[in-house]
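In this note's numbering, the protein residues as written are 24 to 172.
Even for Gly, the Cβ is constructed at its ideal location relative to N, Cα and C.
Following: one structure in structure tokens, then a few remarks.
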Amino acid sequence: MTDKHPEDVYREFLIAVMLHIEAIADRLGVHHVDVAALILLEMRGPLPVGAISEELGLPSASATRLIDRLEKAGYARRVRGERDRRMVTVELIQDGMADYHATRITSERHLAEIREHYTPEQVPLMLGILTGVARAYRSATRELREQSG
């Protein structure tokens, strides 16, 4: 166990995640928010531009620039709707994802080392805590953006 204050543990966790995202961005030659978009698209599949904008808390112009960068880097492409050509979704280009997947392998290896110290019964508790932390920080982010807007 740790004698640190719980808030300090969360802060250290946030710093570690931010630095990790920055390292991935540096490796891929993109911005940190671009990495967040890659993760989002990998988890959820193709998404409309507006959904990416909303999920990442970006103005539409910033989301457009983000998608431009992902296209230029070969990670994603825009796909127009067959029925409604105005509807644009963004999807990953699997052939361009090798460098991104290499970063995931590194991350997953280190996370697997953590899981080795816990029983299978403890894993759902850990995942529940992480889910709650993510939900809390998303709520805090929304609140901060609403206060500044």
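Rounding to the nearest angstrom, what Cα-Cα distance links residue i and residue j in this structure?
i, j, result
"A99", "E114", "5 Å"
"S85", "D118", "25 Å"
"H124", "Q170", "37 Å"
"S174", "E144", "Limits of the chain in this structure are 24 at one end and 172 at the other, which puts residue 174 out of reach."
"D26", "A159", "23 Å"
"E45", "T142", "31 Å"
"E139", "R109", "49 Å"
"L148", "D107", "44 Å"
"T120", "E166", "The sequence shown places Met at residue 120, rather than the Thr named in the question. Near 34 Å, if we compare the C-alpha coordinates of E166 and M120."
Compute the beta-carbon to beta-carbon distance between residue i and residue j, rounded to the nearest angstrom, for a pair I have assumed lies under 8 Å.
i, j, result
"D122", "R50", "7 Å"
"G80", "T164", "6 Å"
"I116", "G104", "Going by Cβ atoms, the distance from I116 to G104 rounds to 18 Å, so no, they are not a contact pair."
Is it buried or exposed, residue i, if we count other Cβ atoms within 10 angstroms and call 16 or more buried?
i, result
"A60", "buried"
"I38", "exposed"
"V102", "exposed"
"I90", "buried"
"V53", "buried"
"L93", "buried"
"V58", "buried"
What do you reckon, are the CB atoms on residue i and residue j nearer than 9 Å?
i, j, result
"I47", "L63", "no"
"V146", "F36", "no"
"T112", "V72", "yes"
Report the option in the options whose CA atom is closest to the CA atom of residue i.
i, options, result
"E65", "R127, E35 and V40", "R127"
"V56", "R34, E144, T87 and D26", "T87"
"R161", "H43, E78, R138 and R132", "E78"
The ligand ZN and residue i: does any heavy atom of the ligand fall closer than 8 Å to the residue's C-beta?
i, result
"L153", "With respect to the ligand ZN, the structure shown offers nothing to examine, as it has no ligands at all."
Counting only beta-carbon atoms, is residue i nearer than 9 Å to chain B?
i, result
"E166", "Here there is only one protein chain, and chain B is not present."
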